[in-house]
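Below is one structure, written out as structure tokens; comments come after it.
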Amino acid sequence: MTAVSEAATSSALRTREATVRRFAFTDMAFRTATRLSAILVLVLLGGVAISLVAGSWEALSKFGFSFLTTESWNPVTENFGALAPIYGTIVTSAIAILIAVPIGIGIAVFLTELCPRPLRRPIGIAVELLAGIPSIIYGIWGLFVFAPFLQTTVQPFIIYIFHGIPGLSSLFAGPPYGIGLLTSSLILAIMVLPFITSITKDVFDTVPAVLKESAYGIGCTTWEVTRRVTIPYTRVGIMGGVMLGLGRALGETMAVTFVIGNAHRISASLFAPGTTISATIANEFTEADGDLYTSSLVSLGLILFIITFIILALARYMLLRIDSRTGA
Amino acid sequence: MSTAASLHQSRKRKNAVMMTLCVVAAGIGLAWLALILGALLYKGLSGVNLAVFTEMTPPPGDAGGLLNAIYGSIVMTIIGIIVGTPIGVLAGTYMAEYGRFSKLTTVVRFINDILLSAPSIIIGLFVYELMVRPMGHFSAIAGAVALSILVIPVVVRTTEDMLNLVPNALREAGTAIGAPRWVVIRSVAYRAALSGIVTGILLAIARISGETAPLLFTALNNQFWSSNLNAPMASLPVTIFQFALSPYEEWQQLAWTGALIITLTVLGLSIIARSLTGRREDR
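From first to last, the protein sequence lines stand for chains W and U. Heads up: the first sequence begins at 1 in this note's numbering, then just goes up one per residue. Heads up: the second sequence begins at 1001 in this note's numbering, then just goes up one per residue.
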């Protein structure tokens, strides 16, 4: 009796074993595939860094450190310096952040404290839609609608009222071109506003209700609760959001390319045309003839990469800190 | 007594002023959106006609359409999604499933968040050095690769977040009936997180369909119809860039129309994506 059933049992065992082995193998294969994909993300960023360093080697070894401190950018004599684009990048981003932060925090306060509940979600989505609009749309709108408006209305007015005041008159001097540093800053401010708003709103939501309620309980006004409780509690998170917005502003390309004017010089006036790192690359890369010219543009890219990497890493670090606190 | 009352008054006044400013800030945010959409509709709609979708981009001073640019955008977006999505989903799967507590996940999450916000023009330079320079010419495939690099971080992020929301009890139930890990992931975790993962892919499409900077020196542009992936290809954003900065009125009109098409596509995609996850939250 046993021979037949034994054979059946052992064959069942064998198929069972084979199935388990097959499962183990497919699981192993899937696990490896996911792991490799995760590692690929690291490889990508490493590859970006390596290729930028390799591409900029020629220019950096020729100009050395003076690449960072030279204003002249002359494709004819092949003499390149990054000072004007670096200046333009930092100035436009800084002004954009100065404008966007108070407005962004204001919208976040409005959404968390004042807004009627049924309107909260639609308004939040509308502000986030601003983030979804591609930057080239901001560019074409800035060039054809916003810049002419500034040129004919706002800029002559500012020039008029600041005329003769030392300092301010040179900051807002010169013919109103419409395009220039200030116009770029304003467009950038609109573009980073949704990032700052949504992160500020998220970190405002992490404030424990009991903290706010006890402040209200001793008679604080809404503004005092915001100023003394909510903002101090979420300071690190807000800073993270601001840094994230700054990272965006620094690297923003198309919108700025349309309205900055693309002039390689540093002027005291905010109404003057200037350039930024990304706008220079976008404008000149395909036209660059000669290896040194191309390499200089890649060097600009490397500088931008290093600056944004540091800013974004700081932003993530700050946001991680507030995450771990709410998790605990 | 009177000082206390006046202090109370001044505190109330200060509160009213600050709260008014917050309402004004929200008004400013909404007004910008309305201004931009209004200008787009006003300037773009007048140029919408059949020729836009059936004719090629014209030479300067001529009438024409955007057919080759629309086609190029669709082709490169599709290839970018096909290349980027599997890598992104797999990497997100590793971070939420196999390697949830590993050190590698922490590092990848950090780097991925940086890639997510990295300037897209840098990605363009990278692909130029990686593909265009060795191949010796601009090509649609290089443009698609640049777009896929932008897709990956978006998909990684949403996939990980959505898989982390799947209750562990579901996975344990799968494991308890003897299913190996990858079957549990495939038939339980993916299924539970499906709408979230799809949302991530839609957001990625929305992001890359408006990207200009990474295409400028990878796919370049092409005045004519081309379906050759190994040659320069037109795309809507790059065409808008070129046409908007030109002095020709016909080109500028086409740029506005193209801008309207892109914006409606992108906003439509992000609203669909939001409504997918919105329903989740309500449930």
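The beta carbon of each residue, even a glycine, is placed where N, CA and C say it ideally should be.
| query | result |
| --- | --- |
| Out of U:N1222, U:P1167, U:I1078 and U:T1265, which has the shortest C-alpha to C-alpha gap to P1232 (chain U)? | U:N1222 |
| Taking its Cβ as the centre, do 16 or more other Cβ atoms sit within 10 Å of T34 (chain W), making it buried, or is it exposed? | buried |
| With DSSP as the reference, please indicate the residues paired to N1228 (chain U) in a beta bridge. | N1228 (chain U) pairs with nothing; no bridge assigned. |
| How would you write the range of the alpha helix (DSSP H) that M1076 (chain U) sits in, first residue to last? | L1067 to T1093 |
| I want to verify the contact list: residues of chain W whose CB lies under 8 Å from the CB of K1012 (chain U), in sequence order. | T221 |
| Since Y1094 (chain U) contacts A38 (chain W) with CB under 8 Å, what's their CB separation in whole angstroms? | 4 Å |
| Would you tell me roughly how many angstroms separate the C-alpha atoms of A1179 (chain U) and I199 (chain W), rounded to the nearest one? | 40 Å |
| Check whether the Cβ atoms of I277 (chain W) and I86 (chain W) lie closer than 8 Å to each other. | yes |
| Tell me whether N79 (chain W) sits in a helix, a strand or coil according to DSSP, three-state version. | strand |
| Among the candidates U:G1084, U:Q1253 and U:R1171, whose CA atom is the shortest distance from the CA of G1143 (chain U)? | U:G1084 |
| Just how far apart, CA to CA, sit R1013 (chain U) and V225 (chain W)? | 15 Å |
| For N262 (chain W), does the three-state DSSP call read helix, strand or coil? | coil |
| How would you list, in chain order, the residues of chain U whose beta-carbon sits under 8 Å from the beta-carbon of P75 (chain W)? | By Cβ distance, chain U contributes nothing, its closest Cβ being about 16 Å from P75 (chain W), past 8 Å. |
| Would you kindly report the start and end of the unbroken alpha helix (DSSP H) that includes S278 (chain W)? | I277 to E284 |
| When you compare only the Cα positions, how much space is there between I1271 (chain U) and P75 (chain W)? | 46 Å |
| In this structure, does DSSP put N1112 (chain U) in helix, strand or coil? | helix |
| Please report whether the beta-carbon of W57 (chain W) lies at a distance below 8 Å from any beta-carbon of chain U. | no |
| Checking contacts by CB at 8 Å: is V1107 (chain U) closer than that to chain W? | yes |
| Rounded to whole angstroms, how far is the Cβ of L188 (chain W) from the Cβ of E252 (chain W), which I believe are closer than 8 Å? | 6 Å |
| With a CB to CB cut of under 7 Å and the five nearest residues on each side skipped, what residues in its chain are close to I107 (chain W)? | V127 and T197 |
| Could you confirm whether any beta carbon from chain W is found closer than 8 Å to the beta carbon of M1019 (chain U)? | yes |
| Based on the DSSP output, what are the partners of W73 (chain W) in its beta bridges? | W:F80 |
| In the DSSP assignment, the alpha helix (DSSP H) including N1221 (chain U) goes from what residue to what residue? | No alpha helix (DSSP H) holds N1221 (chain U); DSSP gives it neither H nor E. |
| Sort U:P1237, U:Q1242, U:L1254 and U:A1189 by Cα distance to Y1098 (chain U) and report the nearest one. | U:A1189 |
| Consult DSSP for M1285 (chain U) and reduce its assignment to one of helix, strand or coil. | Residue numbering for chain U in the displayed model covers 1001 to 1283; residue 1285 (chain U) lies beyond these limits and cannot be assessed. |
| What would DSSP say about F67 (chain W), mapped onto helix, strand or coil? | helix |
| Taking T222 (chain W) as part of the alpha helix (DSSP H), name the residues at either end of that continuous run. | T222 to V225 |
| What did DSSP end up calling L1245 (chain U) once you bin it into helix, strand or coil? | coil |
| List, in chain order, every chain W residue whose beta-carbon is nearer than 8 Å to that of L1150 (chain U). | Those do not exist, as L1150 (chain U) stays about 11 Å from chain W at its closest Cβ, beyond 8 Å. |
| From W:S10, W:R21 and W:A131, pick the residue whose C-alpha is nearest to that of L1030 (chain U); which is it? | W:A131 |
| Against chain U, does R31 (chain W) count as a neighbour if the rule is that its beta carbon must be under 8 Å from one of theirs? | yes |
| So what does DSSP say about L1137 (chain U), is it helix, strand or coil? | Contrary to the premise, residue 1137 (chain U) reads as His rather than Leu in this sequence. H1137 (chain U): coil per DSSP, three-state reduction. |
| Using only CA atoms, which one of U:G1088, U:S1209 and U:S1187 lies nearest to V1238 (chain U)? | U:S1209 |
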